[in-house]
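Colleague: Before I ask anything, here is the structure I am working with.
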Amino acid sequence: MLPWLELGTAAVPGDGAPLRLMRRGTEFCIMAGTNPLMNSRMFGSEEDLATLSARAIAGRRGARLLIGGLGMGFTLRAALAAMPPDTTIEVVELVPEIISWGRGPLAPLFAGCLDDPRVTLVTADVAAVIANAKSSYDAILLDVDNGPEGLSRSANDRLYAHVGLGKARAALGPKGVLAVWSAHPDAKFTRRLGDAGFQLKEIRVRARHGGRGARHTIWLATKP
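Here's what the structure looks like:
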């Protein structure tokens, strides 16, 4: 078996574990310490995050999307494919090295989507961007951790707490959608979304297309 090779490292602001970009043959993996955050062989549920969100806001003209977490670009690519040409997509990524990897060793996965004129890249904390937005977005897509808890850094917990969900609701326009990806179900988070006043769908999807791989969870929370 081919060994894993380390292609780059990145510090996460705050107390987050350092990120490592790994490659084994044509397979890539981004690790947070010893925890795998994403892998280029399993991206079906990341694409589902975008396609389910696009379906939830279908028919809106000039839709504005916010994607929290660039990752390997699978959610962004799927959003660009699913949304009409008048859509604008703001991608907020905390770690600048991840953007550099997208233009460097991971460029084949991104397939030029970072240069799409509909896309704006912002290097910032997505929680701060959401907190400063008022009725700005038709959809907010969050995939910055392995679930609704701060795995990559503890400060991300505020995204999923009652206060953070209230700020996300305020950042959405009427009937806007908050979509959250998770590697596992979380009943407490489901209750918090309901407490925040969202109309909720909890959808189980496969890590890979074709009904293969682990089951992941996507919450689609609509602002009434």
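For the sequence shown, position 183 matches number 183 in our numbering, and the numbering has no gaps at all.
Just so you know, even glycine gets a beta-carbon here, dropped at the ideal spot from N, CA and C.
#1: Would Leu-106 and Val-91 qualify as a contact pair, given that the criterion is a beta-carbon distance under 8 Å?
#2: Compare the beta carbon distance of Ser-100 and Pro-148 with 8 Å and say whether it is the shorter of the two.
#3: If you scan the region 88-124 from start to end, which runs of the alpha helix (DSSP H) of 4 or more residues do you find wholly inside it?
#4: How long is the line joining the alpha carbons of Leu-2 and Gly-25, rounded to whole angstroms?
#5: Can you find the residues in the same chain that come closer than 6 Å, C-beta to C-beta, to Ala-78, ignoring five residues on each side of it along the sequence?
#6: Where does Val-163 sit, in a helix, a strand or coil, going by DSSP?
#7: Counting only runs of 3+ residues fully inside the region 57-93, write out the beta strand (DSSP E) ranges in chain order.
#8: What are the boundary residues of the beta strand (DSSP E) that includes Lys-188?
#9: What do you reckon, are the CB atoms on Ala-10 and Val-95 nearer than 8 Å?
#10: What's the call for Gly-71, buried or exposed, on a 16-neighbour Cβ count within 10 Å?
#11: Give the C-beta separation of Thr-190 and Leu-200 to the nearest angstrom, bearing in mind that I take them to be a contact with Cβ-Cβ under 8 Å.
#12: Based on the DSSP secondary-structure assignment, which residues constitute the bridge partners of Pro-36?
#13: Kindly list the residues whose CB is nearer than 8 Å to the CB of Asp-5, restricted to its own chain and excluding five residues on each side of it in sequence; keep chain order.
#14: From which residue to which residue does the beta strand (DSSP E) around Ala-179 run?
Modeller: Quick look at the numbers:
#1: no
#2: no
#3: 96-103 and 107-110
#4: 7 Å
#5: Glu-47, Ala-50 and Thr-51
#6: helix
#7: 64-68 and 88-93
#8: Lys-188 -> not in any beta strand (DSSP E); alpha helix (DSSP H) instead, spanning 187-195.
#9: yes
#10: buried
#11: 7 Å
#12: Met-31
#13: A quick correction: the sequence has Leu, not Asp, at residue 5. Result list for Leu-5: Met-22, Arg-23 and Arg-24, in chain order.
#14: 172-182
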